[in-house]
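1 is the number of the first residue of the sequence shown in full-length UniProt numbering; add one for each residue after it. Cβ coordinates follow ideal geometry from the N, Cα and C atoms, glycine included. One structure below.
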Amino acid sequence: MTDFDGPMTSDLTQEAYDVYLDLAQEVTAHENDVVETVPDFFDIGSVHECLQFPLNLWESGRKPMRTVPALVAYEPLLDGDEADTVAQILVGLDVFVMMLDEFIDTARTDRRFRTQLAVNVAFSSLLSFATIPESAKETVVDALTAYLVEASRIPAVEREVARALTNTTSSEQAMDLIRFAYGFRARDIAVFGALPALVSDVDREVADRIESDLQTYRAHCLLYDDIRDIEQDRRNGIETPVMWLLDRHRDPEVVAARIASVYRSFEYSDADYTDVLREMEPTSDDPIDELTSAMPSQSE
1 MTDFDGPMTS DLTQEAYDVY LDLAQEVTAH ENDVVETVPD FFDIGSVHEC LQFPLNLWES
61 GRKPMRTVPA LVAYEPLLDG DEADTVAQIL VGLDVFVMML DEFIDTARTD RRFRTQLAVN
121 VAFSSLLSFA TIPESAKETV VDALTAYLVE ASRIPAVERE VARALTNTTS SEQAMDLIRF
181 AYGFRARDIA VFGALPALVS DVDREVADRI ESDLQTYRAH CLLYDDIRDI EQDRRNGIET
241 PVMWLLDRHR DPEVVAARIA SVYRSFEYSD ADYTDVLREM EPTSDDPIDE LTSAMPSQSE
């Protein structure tokens, strides 16, 4: 338990979920009002059904909610109107980034799936950008532009880290590369820590601290995800630092120690909300057992 007196995490998760669910319901109303119809035997689906896709990804735990940890840190600092505005902007951006991730990570190419991604990119963008207050629009757009430029580089950075790890013979250099990789990948939550301050009275020093804490949270989550997803990543031809460690050392206890070292290199501040962020982090009952079961065979 924690003595943090902010909103319960489950309430914030529901709040974020409801923001996008409300959008889907609003789209349903628009679809019902459309005059033009198509023959009943046409299987074209509906737009609002497409908007259920990110909700399903969140419910299943397949994709992270970047909005919720940001709300954990910010909601006690915002008034009601500011909190509503921030939630809508962040949820829209969250879905937008999630759809880009899904496009990059999946091998699916069927038209219906690609349409589903495109519909969510369109409506999540509308939700996010239409909510930005006019007085803050220029500043927020600048921040989002910088964020999207950086986020767009993450896949290339991951490839280069994998290449560099393959070529290195230094354990120290390898660990530096791995720490860099998780630090850079964790930047995909950075703007969620910076943006709320741009539409409120939260000062820059507090925002910088929150942004840093959110990146620590994200780096910790990414390490867990890469342990959990080893077999899936191997099937999809994705090379992660955790997989490299397993292939290099072939000793789950050594790998677990290396991962723990990387984990400790990302530290929280002493802010109260970090207790909640720690509780939100996914955990493994037995990481060594998980790593053992994912060990490549000697023939690989």
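First and last residue of the uninterrupted alpha helix (DSSP H) at residue i
i           : result
residue 168 : Here residue 168 belongs to no alpha helix (DSSP H), and DSSP marks it neither H nor E.
residue 137 : 137-152
residue 56  : 52-60
residue 193 : 190-198
residue 280 : 274-280
residue 75  : Taken as a continuous stretch (DSSP letters only), residue 75 belongs to no alpha helix (DSSP H), as it is neither H nor E.
residue 226 : 204-228
residue 285 : Premise fails: residue 285 is in no alpha helix (DSSP H) and is neither H nor E.
Distance between beta carbons of residue j and residue i, contact taken as under 8 Å
i           : j           : result
residue 131 : residue 88  : 4 Å
residue 102 : residue 117 : 6 Å
residue 211 : residue 181 : Residue 211 to residue 181, Cβ: 19 Å. No contact.
residue 63  : residue 57  : 4 Å
residue 92  : residue 128 : 3 Å
residue 140 : residue 199 : 7 Å
residue 184 : residue 154 : 7 Å
Pick from the options that is closest to residue i, judged by C-alpha positions
i           : options            : result
residue 112 : 69, 101, 50, 140   : 50
residue 75  : 283, 272, 53, 128  : 272
residue 274 : 72, 244, 20        : 72
residue 9   : 251, 123, 66       : 66
residue 164 : 256, 244, 283, 289 : 244
residue 279 : 218, 114, 84       : 218
residue 250 : 288, 224, 214      : 288
residue 230 : 79, 78, 293, 105   : 293
residue 48  : 78, 115, 63, 91    : 115
residue 209 : 277, 146, 268, 143 : 268
residue 256 : 295, 238, 237      : 295
residue 197 : 99, 233, 70        : 70
residue 282 : 236, 270, 220      : 220
residue 98  : 77, 78, 85, 124    : 124
residue 161 : 143, 86, 142, 242  : 242
residue 266 : 214, 252, 225, 276 : 214
Inter-residue spacing [alpha-carbon to alpha-carbon] between residue i and residue j
i           : j           : result
residue 261 : residue 178 : 10 Å
residue 247 : residue 134 : 52 Å
residue 109 : residue 26  : 29 Å
residue 285 : residue 291 : 12 Å
residue 193 : residue 68  : 11 Å
residue 121 : residue 96  : 5 Å
residue 205 : residue 82  : 19 Å
residue 152 : residue 187 : 11 Å
residue 386 : residue 156 : Outside the displayed span of the chain (1 to 300) sits residue 386, for which this structure offers no information.
residue 6   : residue 13  : Unreliable placement is indicated for residue 6, whose pLDDT of 44 sits below 50; no coordinate value is reported for it.
residue 263 : residue 171 : 17 Å
residue 20  : residue 238 : 30 Å
Residue i CB to nearest heavy atom of the ligand MN below 7 Å
i           : result
residue 190 : This structure simply doesn't include the ligand MN, nor any ligand for that matter.
Worksheet item: Could you give the uninterrupted runs of the alpha helix (DSSP H) lying entirely in the region 79-141, keeping only those of 4 residues or more?
Response: For the alpha helix (DSSP H) assignment, the uninterrupted runs of no fewer than 4 residues enclosed by the region 79-141 are, from N- to C-terminal side, 80-105, 111-131.
Item to complete: Go through the region 239-271 residue by residue and report every complete run of the alpha helix (DSSP H) that reaches 4 residues or more, in order.
Response: Whole alpha helix (DSSP H) segments, 4+ residues: 241-249, 252-264.
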